[in-house]
Each structure stands twice: as structure tokens, then as C-alpha cells.
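Shown next, in C-alpha cells, is the structure this report addresses.
Protein chains: 2
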Amino acid sequence: MPQKAIICTVDVVLLCLRGTVLNVALWRRERAPFEGSPALPGGYIHPEEDVDTLDAASRMLREKTGIASPYLEQLGTFSGASRDPRGWSISIAYYALLPAELIEQEPAPGLVLQAVEQLKGLPFDHKDIVQAAVQRVRNKSSYSSLPVYLCGEQFTLPRLQAVYEAVLGEPINKVSFRRKMEELDMLEAVEGAMETGRANRPAQLYRLKHEFQQCLSVSPRSLTAAAG
Amino acid sequence: MPQKAIICTVDVVLLCLRGTVLNVALWRRERAPFEGSPALPGGYIHPEEDVDTLDAASRMLREKTGIASPYLEQLGTFSGASRDPRGWSISIAYYALLPAELIEQEPAPGLVLQAVEQLKGLPFDHKDIVQAAVQRVRNKSSYSSLPVYLCGEQFTLPRLQAVYEAVLGEPINKVSFRRKMEELDMLEAVEGAMETGRANRPAQLYRLKHEFQQCLSVSPRSLTAAAG
DNA sequence: CGGTGTTAGTTGCAAAATGCATCTAAGTTG
DNA sequence: CAACTTAGATGCATTTTGCAACTAACACCG
């Protein structure tokens, strides 16, 4: 016998890199509780419109930012009695990565960018959710090419290395970094394109190979859909 | 404004190793839909009793098996319209690891152990959930000491290596394996205890160091509780 | 026009980590 | 006590990693 309805929402941790610090995108809440406070974008699931919760997260981001397909992955589900003043609740959290330019240019109403290290005054358990997302990103960045999704369409290797170093918080050896990128085999040089402009040797521009450009990452549910 | 109630359950993938094959514990369902079919143990969340969904998963396992604290970790949340005939639904999935003896000795009513490679006839999207759990376990086993939770209290290094090889599905170099265990620094020799009995040199028995014996792994929510 | 500064990208080598074969150890069995 | 079996250690070859030095390609400046 089903239990009585419980509060069940989807929240999104949208991360971008400004300079060398990770920032999270917050929006001023338009309704109670915590009306007016900057918080993670989120809301109720719409079973009629949403295929699954990944779809719900994607829809929320699109509504807030107009961006259709950032890197988006399920983070985890947070639950408990104390996280929402209205009572026991569940939030399925996702995290997304975006180049900072995309969000800084956009005149999104109510948007607040905040450095992830000094979060204060977040409602619910949103601070915990953000910290879990940051930890996930740092961890995955140490063995994958996740940080490329914080860069734009095209980028140089020195730029990408700087992004890695910012995310991981430690310097990386140049040769090791390039070897690793080589063996991951996810980048391709953009024909002839070079980043120039300053008083130095111009750098080769790269982009994600086509097969990795599908940024909307697979969730357990969509894996099913693809396999069936 | 909250959406109308959606079906929201917790399911547990309980894995153990029989011989060299991973098995999942299924129970015959006691109610519709799919009454009588072997399926993952699960059920509705009880906000009154459960601190969070980890707690709900733990409770379900305890009710089914009597086992209080296996290794238990959140796997992910599965959602969609097609996974449950009753309509759009959400399942927060957990996975647990247990020594096979604990579950084989127990006279659990309705229990069916099934090899994870040839699952058939599972209701809902339980096959997908099991496969996601197996993939997670394989992946984590390649860099962590996760498989120790498939062994009993005490075990020898040759035995543990066999467990790793069964989970990963490939042979491991003996010296490399022992070096890795050494550097993980999670095991301690049991004073004087040796496993003997056959026509050979007896092997040293080991156990998890105390600080790792807390098998109930931390979830995002309980991390909060610990930090606060 | 050529020197200088600055960043990009490569090469060679030392150091560390890994894998493999072999060797020794400690028991049981006949 | 010789033969067999598995546990565990040791030595060395191979691979991987990290570092420093080197070459390359620009702009700027005299």
C-alpha cells in the first residue's frame, strides 16, 4: 500500500569555472519556503512531460538558462526529515558543467554565481549537495576528461591544463598531462586553427571528438532506453 | 505547488559470491504487480521510521534477511513511465555486499539466488538496476578494497585474491595484488591465526582493520549528519 | 632586420611502479 | 623422509611517470 505523498523534487548543481575558482549557479527562489534566498534551481517533477528525472533536470536548466544540453549527470538522492521545513522529503540531485562564458553573458534574472568554497546561507541541505557535486567533479577529473566540459567549444591544451589544475587544486606536469590527453583519445586538433594574439607562439586549438560531444550523459534509465 | 503523488520506492541489490559467480538475492513478490515473481527486495519509504532512504534500504534488508549492517551504498535513482505498469515511478536503488554463507545458511522464505549474468524474467526494470550495480561493483573493485565485503570476517590473501578475480573476471598477478593490499593499508593479520586443513602450507588470516569495519557506508545524507 | 622575451610543444633520461619467473617456506601425505 | 602442494618472498626486466632541458613560433623593440 503506497505511503502518503512525500515531497519529491529534482535539484541541479550547475558548475562553471571563473578564473581559477569553481562557481555554482544559484537562483533567487520565487516561492516559499526561503523565498528570495539564492538556492539551487529545482522543482517538482512533471511525469506528463518528463521521460525521467534526467529529463526533468534538463528541463529545469533549459527553463532557467535557455541552454539545451550541457554535461548533465545524476549525482545522488538526498533525503531526510530535517532538510525541508515542510517535512520529510527527497531530492534527486544532478550536476551540470558549463563554460562560464555561456552563463555570464546570458542575462538570467535572479542568477547569482557563488564560489563553491565559501557558500553561506543556502537553504535546505543545498550546501551539502553542492559539496557532494564538487567532490564528484574533483574525483572524476583525476582520471577522466570531465573538465573539458568547463571549456568552450574549442580550447588549447595549455588552457585545458589550467582548467584541470584549477579543478584539482594542484599543478600538473605538462608532459604527463599531454600524454594522458593523448591516451584518452577524446580530442582532435582543429585544422589549422591556432589561438594567437599575445606576444608568443600560438597554440593549437582542439575540440572534443564528435563521439564525445553528446554532452547529456547517459543515466541508468537512458542506458536502458538505448539498449532496448 | 506539489505534483500529485508519484510512486516512490526503495530497492536493494544484494550481491554475494557463490564459487566464482556473482549472485543477486531475489525474493518472490508477495503482492501485485508481478505477485510471485522473484524481484529485488524493496518497498515504500516510511518517513516516520526512516531517517533517510539509506535507512529505508537498511530496514528492508533487515526485514528480509535479519542482517543488520552489510556494506550498503546508494546506487542511483531510476525513474520513468515504463518501468512500472501502475504509471510513472521512481526507485532509489541501493546495493549491498555480503558473504554468501550468511545468506545461504539463513532459511529466508521466498529467497532465490540468481547468477547476475543470466537474469531473466525480472519485473520492472530490475534487470537494469542489477546490471548497474554489478558494473559499479566491478568498477570500484578495480581500485578499492570493496571485494573484502564479499568475504567473511576473516580471510586469507589467496582467498581474497580469488574473490577479486571472480568479480573482475580476470587473473591478477600475485605480487601486484599483495603490494596493492599492502598500500591500501586496510587489512591486519589476525594474531597467530592460520587457515590450514589441506595438504599444504597454511595461510595467514587477515581481517579488516577496525576503522573500516563500519560496513554501512556513508551516504550524502549521513555525511551531513556526521559533519554537522 | 636581428635580438629578446614569452609561451608552445618535444626530446631524453632518471626514477618509480609494475609484471614475471624463480626461489624458499611450511605444511600434509605415503 | 621424500614428494607434493600451496604460501609467501626475492630479484630483475619492462613499462610508466616525472623532470629538466631543448627547440619552435610568434610579437615587440631597438
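From first to last, the protein sequence lines stand for chains A and B.
All residue numbers for the first sequence refer to our numbering, where the first residue is 24 and numbers rise by one.
All residue numbers for the second sequence refer to our numbering, where the first residue is 24 and numbers rise by one.
From the three backbone atoms N, C-alpha and C, an ideal C-beta is built for every residue, glycine too.
Please read these numbers as outputs of a predicted model, since none were measured by experiment.
- Contact between the segment 126–144 of chain A and the segment 82–93 of chain A is present: 3 or more CB-CB pairs across the two stretches fall below 8 Å.
- Look at the beta carbons and you see the segment 118–127 of chain A not touching the segment 195–206 of chain A: under three pairs across the two are nearer than 8 Å.
- By the criterion of at least three beta-carbon pairs nearer than 8 Å, the segment 99–117 of chain B is in contact with the segment 146–159 of chain B.
- Annotation: the continuous beta strand (DSSP E) that includes Asp34 (chain A) extends over Ile30 to Arg41.
- Pairing Arg221 (chain B) with Ala155 (chain A), the inter-Cα distance amounts to about 49 Å.
- For Phe200 (chain B), the enclosing alpha helix (DSSP H) covers residues Lys197 to Leu207.
- For a Cβ distance threshold of 7 Å, residue set Pro70 of chain B lies close to Trp111 (chain A), ordered along the chain.
- Chain B has no Cβ within less than 7 Å of the Cβ of Ser167 (chain A).
- Using a Cβ distance threshold of 7 Å, Arg51 (chain B) and Pro64 (chain B) do not count as a contacting pair.
- Of all residues in the segment 91–104 of chain B, those with a C-beta nearer than 9 Å to a C-beta of chain A are Gln97, Leu98, Gly99, Thr100, Phe101, Ser102, Gly103 and Ala104, reading in chain order.
- Ala79 (chain B) and Val33 (chain B) have their C-alpha atoms roughly 7 Å apart.
- Here DSSP, grouped into helix, strand and coil, assigns Arg85 (chain A) to helix.
- In this chain, the beta strand (DSSP E) harbouring Tyr118 (chain B) covers Ser112 to Leu120.
- The residues Ala226, in chain order, have a CB closer than 7 Å to that of Pro181 (chain B) in the same chain once the five nearest residues on each side in sequence are set aside.
- Under the DSSP assignment, Glu53 (chain B) falls outside any alpha helix (DSSP H); it carries neither an H nor an E label.
- Among the CB atoms of chain B, none fall inside 7 Å of the CB of Ala55 (chain A).
- Here Arg109 (chain B) is not near Gln177 (chain B), since their CB atoms are 7 Å or more apart.
- If you draw a straight line from the Cα of Met204 (chain A) to the Cα of His69 (chain B), it is about 48 Å long.
- For Thr100 (chain B), the pairing in a beta bridge is given by DSSP as B:Ile115.
- Beta-bridge analysis with DSSP links Gln177 (chain B) to B:Arg230.
- If you keep only unbroken alpha helix (DSSP H) runs of at least 4 residues inside the segment 132–169 of chain B, you get 149–164.
- Thr219 (chain A) and Val157 (chain A) have their C-alpha atoms some 32 Å from each other.
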